[in-house]
Amino acid sequence: MSLTTAHSVVAPSAGSKRIAGAIIIAYALISIVPLLWIFATSFKTPPDSIAYPPKIVFQPSIEGYCNLFTTRTRQTPEYINSLGPATGFCDETVRKRNMVIAGPSNFLPRFVNSLIIAFGSTFCAVFLGTLSAYGFSRFKVPLADDLLFFILSTRFMPPIAVAIPIYLMYRELGLSDTALGMILLYTAVNVSLAVWLLKGFIDEIPREYEEAAMIDGYTRLQAFWRTVLPQATTGIAATAIFCLIFAWNEYAFAALLTSGTAQTAPPFIPTIIGEGGQDWPAVAAGTTIFLVPILVFTILLRKQLLRGITFGAVRK
Amino acid sequence: MAEIRVQHLRKAFGDFVAVQDSNFVVEDGEFFVMLGPSGCGKTTTLRMIAGLELPTGGEILLGGEDVTMLRARERDIAFVFQLFALYPHMNVRKNIGFPLLAQGMPSAEIRSRVEETAKLLRIDHLLNKSVSGLAGGDRQRVALGRAIVRRPKCFLMDEPLGTLDTEFRDLMVHELRELHNRIHATTVYVTHDQMEAMSMADKIAVMNHGVIEQFGTPREIYDRPATMFVADFIGSPPMNFLRFGGGLAKGAKEIVVQGAKVAVPEVREDIAPADMALGIRPEHIRFDDASKLRGAIYGTEYLGTTQIVAVETADGIIKARVPAEIRLNAGDHVGLALNSARLSLFDKGSGRAVRTAVHDTASQGRAQHG
Chain A
219 MSLTTAHSVV APSAGSKRIA GAIIIAYALI SIVPLLWIFA TSFKTPPDSI
269 AYPPKIVFQP SIEGYCNLFT TRTRQTPEYI NSLGPATGFC DETVRKRNMV
319 IAGPSNFLPR FVNSLIIAFG STFCAVFLGT LSAYGFSRFK VPLADDLLFF
369 ILSTRFMPPI AVAIPIYLMY RELGLSDTAL GMILLYTAVN VSLAVWLLKG
419 FIDEIPREYE EAAMIDGYTR LQAFWRTVLP QATTGIAATA IFCLIFAWNE
469 YAFAALLTSG TAQTAPPFIP TIIGEGGQDW PAVAAGTTIF LVPILVFTIL
519 LRKQLLRGIT FGAVRK
Chain B
271 MAEIRVQHLR KAFGDFVAVQ DSNFVVEDGE FFVMLGPSGC GKTTTLRMIA
321 GLELPTGGEI LLGGEDVTML RARERDIAFV FQLFALYPHM NVRKNIGFPL
371 LAQGMPSAEI RSRVEETAKL LRIDHLLNKS VSGLAGGDRQ RVALGRAIVR
421 RPKCFLMDEP LGTLDTEFRD LMVHELRELH NRIHATTVYV THDQMEAMSM
471 ADKIAVMNHG VIEQFGTPRE IYDRPATMFV ADFIGSPPMN FLRFGGGLAK
521 GAKEIVVQGA KVAVPEVRED IAPADMALGI RPEHIRFDDA SKLRGAIYGT
571 EYLGTTQIVA VETADGIIKA RVPAEIRLNA GDHVGLALNS ARLSLFDKGS
621 GRAVRTAVHD TASQGRAQHG
């Protein structure tokens, strides 16, 4: 039922809607300024990026992106002049700063690591979370309340508080600096969130759906797959975004446990600063690219996310 | 289609006994209604027949086969839920065809069976619609369609009209019974609404506190209630009770209520002295100034063709259903004449009906105690 008439006591008045709108717009603007600044910086030249007063209007350059994806060595102008014509825009830009491209940087493999670890752990956390949430929601699990409390209790302290034991364990188990280790770790952190969020969603789905399917000749697993999952997609999508955001942005464990082959983008990006002066445009370029997957994922799932976080407040 | 036989069925949830030793037989093609207040165990019984709950004891036989411990999907039954449980992510056609898909039926055959079913229920024009946009009655029809499409051994329905508006309800009661007359499917129907039960059922079981108080045809249940609970639960307004004391001897034809002699159907058993109650339906009371059973008019409820008159007697309020034409004023003293042929006698302690001449023709109107 929709109550959208002017006489409704629950619908906000036009005045309060305007005030709410103004607050939201102001907040959105404040929130987006740092992002815009990063985005702008990624297209500045290094001198422009540290200019004072800061430049709002500038000549855009993709030098930051060139520097992000390459490693460079400083050479004498004589040596650079002895080289053949520049092979591309990046080559040309770099040569102007008396440098030559030595090879690709580690950014791309680190970025791929981030993708594998974040999406892998999100998948595992949501998969395990959905199954356990369904179990807790539908079956009489002995000590269910205590178990759920125990699951939640893993969030009582910041995960980093157990960094040292995990570091030692991982070293013994050979999981240090492996993608598998990071996936396991992020799954473990996220699964409690996933169980709790999804249990709420699944509790809201009437049991009659599975019961009807089971009477109609399906096994419980088939009934779960065909009737519960399709109705839980909203919850699953919302949960997946929360898990992904955590795994994608996680810095402390990544910095501690990964250093080489399995290093993710968050600990890698700051290391760019050290390579050949304070290369802010390259850092900003790394950050900008780093933001893209989560942005795309969130936009794709925004409808579910919105319905997900208002779930329970609005009922059909 | 098949007969359903329930023997010594029992279900306990921890200390709470939901169903105590239920026994009944639903014959092949019968429309059977389990009626009772909420929490009486009727839905639990239905869910045990369906295989959604496993009994603590007893047996359930479906067409002669013991299905007591079988999984729901192995029983070949169909269930219509109170909230219909239509899958919101499927359209009407897919909802109805869903049980057939489980059997691995070829899609062409599913298609023709679904269309045939939809025609039977007059919802063939809705097949490609989403179920979320349907009106209550149509949702109900889709839920029924999903049940009958499979041609199961029996249909189980859990208050399927509970969420419908009153006008839709009357329509669906009619439609359900008509559908039953056409396909003659063994049906177990659970409701707390006596009007639904009386108008649709071939047989009714009235349940209370996990016990079947009475099992019989609607007529038997109304005319010869086996217990005071049944007498009170069925009928609107319910049966009146007048206290009287003393024992009853076999062959007695008269009792004394509030100092007035009342003729009763011949008693068929000896009853030791105890608190007794005489039960009389409102429509079996007349006003007769000659009667020694007297009271004062307390209030009237005008219903058009009849009126319900509340009369205050020495033993509380008695309600009589009398023709609407009779003019009555509050405070008037009236005599009450009871239709002796339609009286029931109860032992107040156990609530059980005393066997009298009215039971002579009844073969299965007995209560099924323990």
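Chains A and B supply the protein sequences, listed in that same order. Under the working numbering, the first residue of the first sequence is numbered 219, with each subsequent residue one higher. Under the working numbering, the first residue of the second sequence is numbered 271, with each subsequent residue one higher. Even glycine gets a Cβ: it sits at the ideal position worked out from N, Cα and C.
- Around the beta carbon of K520(B), fewer than 16 other beta carbons lie within 10 angstroms, which makes this residue exposed.
- Ranked by Cα distance from S332(A), the options P272(A), T288(A), D364(A) and I401(A) are led by I401(A).
- Only those residues of the segment 354-382 of chain A whose C-beta falls short of 9 Å from the nearest C-beta of chain B would be listed, and there are none.
- Judged by beta-carbon spacing, A450(A) lies beyond the 8 Å limit of V344(A), meaning their Cβ atoms are not closer than that value.
- Counting only runs of 4+ residues, the alpha helix (DSSP H) found wholly inside the segment 292-327 of chain B occupies 312-320, in chain order.
- For the segment 317-348 of chain B, the beta-carbon criterion of a distance under 9 Å to any beta-carbon of chain A is satisfied by R317, A320, G321, L322, R341, A342, R343, E344, R345, D346, I347 and A348.
- Within the segment 407-427 of chain A, those residues whose Cβ lies closer than 8 Å to any Cβ of chain B are, in chain order, P424, E426 and Y427.
- The beta carbon of R425(A) sits closer than 7 Å to those of R356, all from its chain and outside the five residues before and after it, given in chain order.
- Between the segment 553-568 of chain B and the segment 481-498 of chain B there are fewer than three inter-stretch CB-CB distances shorter than 8 Å, so the stretches are not counted as touching.
- Contacts with chain B at 8 Å (Cβ-Cβ) do not include A503(A).
- Taking 7 Å as the Cβ-Cβ cut-off, the segment 440-457 of chain A approaches chain B at T445, P448 and Q449, given in chain order.
- Shown here for D559(B): same chain residues with a beta carbon closer than 6 Å to its own, the five before and five after excluded, namely G605 in chain order.
- The shortest CA-to-CA distance from P430(B) to any of N293(B), I482(B), A355(B) and L608(B) is the one to A355(B).
- Interface annotation, T348(A): not in contact with chain B, CB-CB separation never under 8 Å.
- For G233(A), there is no enclosing beta strand (DSSP E); the enclosing alpha helix (DSSP H) has its first and last residue at A232 to S260.
- M400(A) carries a helical assignment under DSSP once its states are collapsed to helix, strand and coil.
- Residue-level contact check: P552(B) does not touch chain A, since none of the beta carbons of chain A fall below 8 Å from its beta carbon.
- In the structure shown, Q577(B) adopts extended strand secondary structure according to DSSP, grouped into three states.
- It is roughly 38 Å from the alpha-carbon of R439(B) to the alpha-carbon of A627(B).
- A594(B) is the residue among A594(B), A544(B) and H629(B) whose C-alpha sits nearest the C-alpha of T575(B).
- Close CB contacts of P543(B) within its chain, under the 8 Å cut and outside five residues either way in sequence, are with G515, G516 and G517 (chain order).
- The three-state reading of DSSP puts G347(A) in helix, counting H, G and I together.
- By the C-beta criterion, the segment 525-535 of chain B is judged not to be in contact with the segment 491-510 of chain B, since fewer than 3 inter-stretch pairs fall below 8 Å.
- Listed by position along chain B, the residues whose Cβ is nearer than 9 Å to that of E429(A) are R317, A320, L322, A342, F349, F351 and A355.
- Counting along the chain, the unbroken beta strand (DSSP E) around A590(B) starts and ends at G586 to P593.
- Of the residues A607(B), R597(B), D602(B) and I578(B), the one whose Cα lies closest to the Cα of K562(B) is A607(B).
- Secondary structure of G565(B) (DSSP, three-state): strand.
- According to the DSSP secondary-structure assignment, M509(B) is paired through a beta bridge with no residue.
- Proximity of chain A to P430(B) at the Cβ level (cut-off 9 Å) is not reached, the minimal Cβ distance being about 12 Å.
- In this structure, L446(B) places its C-beta atom within 8 Å of the C-beta atom of M470(B).
- Taking 8 Å as the threshold, the shortest C-beta distance from Y436(A) to chain B falls below it.
- Secondary structure note for V514(A): it is in no beta strand (DSSP E), and the uninterrupted alpha helix (DSSP H) holding it is W498 to L518.
- Looking at the backbone, the Cα of Q373(B) and that of L474(A) are separated by about 54 Å.
- Per DSSP, L370(A) lies in no beta strand (DSSP E); the unbroken alpha helix (DSSP H) holding it starts and ends at A362 to S371.
- With the rule of 3 Cβ pairs closer than 8 Å, the segment 356-365 of chain B counts as touching the segment 388-405 of chain B.
- Of the other Cβ atoms in all chains shown, fewer than 16 fall within 10 Å of the Cβ of T305(A); this residue is therefore exposed.
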